[in-house]
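Working notes for the structure below.
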Amino acid sequence: MDSYTINKIAGAVLWSLLVIVGTKVLIEELSVPKHPEKPGYEIVLPDEKSSVTSVAKKPGDGEGVQTLGAMLKAGDAVRGKKVAKKCAGCHTFDNGGANRIGPNIWGIVNQKIAGVSGFKYSTALKNKDGTWTFAELKCFLENPKKCIPGTKMSFRGVRKPGQLADLLVYLNKQSNSPAALPN
Ligand code: HEC
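Numbering (the numbering used here), first residue to last: 194 to 376.
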């Protein structure tokens, strides 16, 4: 074979390749593409309303949640005395009791915040105005560091609402003049 023949064969092969590829492209272009009615995937988003409702149903916010008054009404001082054992390593509860790691908390309900003389409070507590209302006590004793950031009371908190109610009712009784429970 001379180089001319080789060129002819190579040319013929190239041409047929070109024709095959060209035809394929043409067929693809001409055939009607089958698009889905909506392009892309359909993403099903969760129903916003339902997720919001489920959040609101968590205890602590929104409807179906007890008021402070209802919570305290269910509280019991005898059970609360047991809950208060968690505090006894740091606090005394009796009239005229000593300050320990924490201050004596006789008569704490409606007493001035950081008001026990002779106790060295944290700046966070000293700077907090007001008195220990049931609502303030609930907030603080449920989660001390979250309620008053910077407090030096190293205590996790009483997270169970029932126990917290019992404790608050008990604390209220440790006083010369227990306060009326809120409605
Ligand atoms: C590890 C020790 C510790 C434990 C346990 C603890 N406390 Fe305290 N408590 C403290 C300290 C310390 C302070 C002072 C906080 C500050 O100055 O920031 C304090 C402050 C308080 C105050 C504010 C007193 C005031 O005069 O303003 C109350 C009320 C209180 N504690 C109640 C309780 C109760 C109720 C419990 C148990 C459920 C408890 N604490 C458990 C150490 C403790």
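The C-beta atom is built at its ideal place from N, Cα and C for all residues, glycine as well.
Cβ-heavy atom distance, residue i to the ligand HEC, below 8 Å
| i | result |
| --- | --- |
| Q259 | no |
| K339 | no |
| W391 | Because the chain spans 194 through 376 in this model, residue 391 falls outside it and cannot be assessed. |
| F327 | no |
| S315 | yes |
| V351 | yes |
| G343 | yes |
| G282 | yes |
| K366 | no |
| A358 | no |
| S370 | no |
| V276 | yes |
| A307 | yes |
| M346 | yes |
| K319 | yes |
| K279 | yes |
Where residue i sits in the DSSP three-state scheme
| i | result |
| --- | --- |
| K305 | strand |
| T216 | helix |
| T260 | coil |
| T198 | helix |
| T344 | coil |
| T324 | strand |
| Y363 | helix |
| L374 | coil |
| A317 | helix |
| E206 | Strictly speaking, residue 206 in this sequence is Val, with Glu absent from that position. DSSP places V206 in helix when its eight states are reduced to three. |
| K353 | coil |
| A358 | helix |
| G377 | Here the chain has residues from 194 to 376 only, and residue 377 is not among them. |
| R272 | helix |
| P337 | helix |
| A291 | coil |
| N369 | coil |
| A277 | helix |
Residue i: CB within 8 Å of a non-hydrogen atom of the ligand COA
| i | result |
| --- | --- |
| P296 | Within the structure as shown, the ligand COA is missing, the only ligands being the ligand HEC. |
Segment contact flag, the stretch 324-335 with the stretch 352-368, C-beta cutoff 8 Å, min 3 pairs:
Yes, the stretch 324-335 is in contact with the stretch 352-368.
Specify whether the stretch 277-289 and the stretch 306-319 touch according to this definition: at least 3 beta carbon pairs, one from each stretch, less than 8 Å apart.
These segments do not touch.
Three or more C-beta pairs under 8 Å: does that hold for the stretch 338-349 against the stretch 264-274?
No: the two stretches stay apart, fewer than three of their Cβ pairs being nearer than 8 Å.
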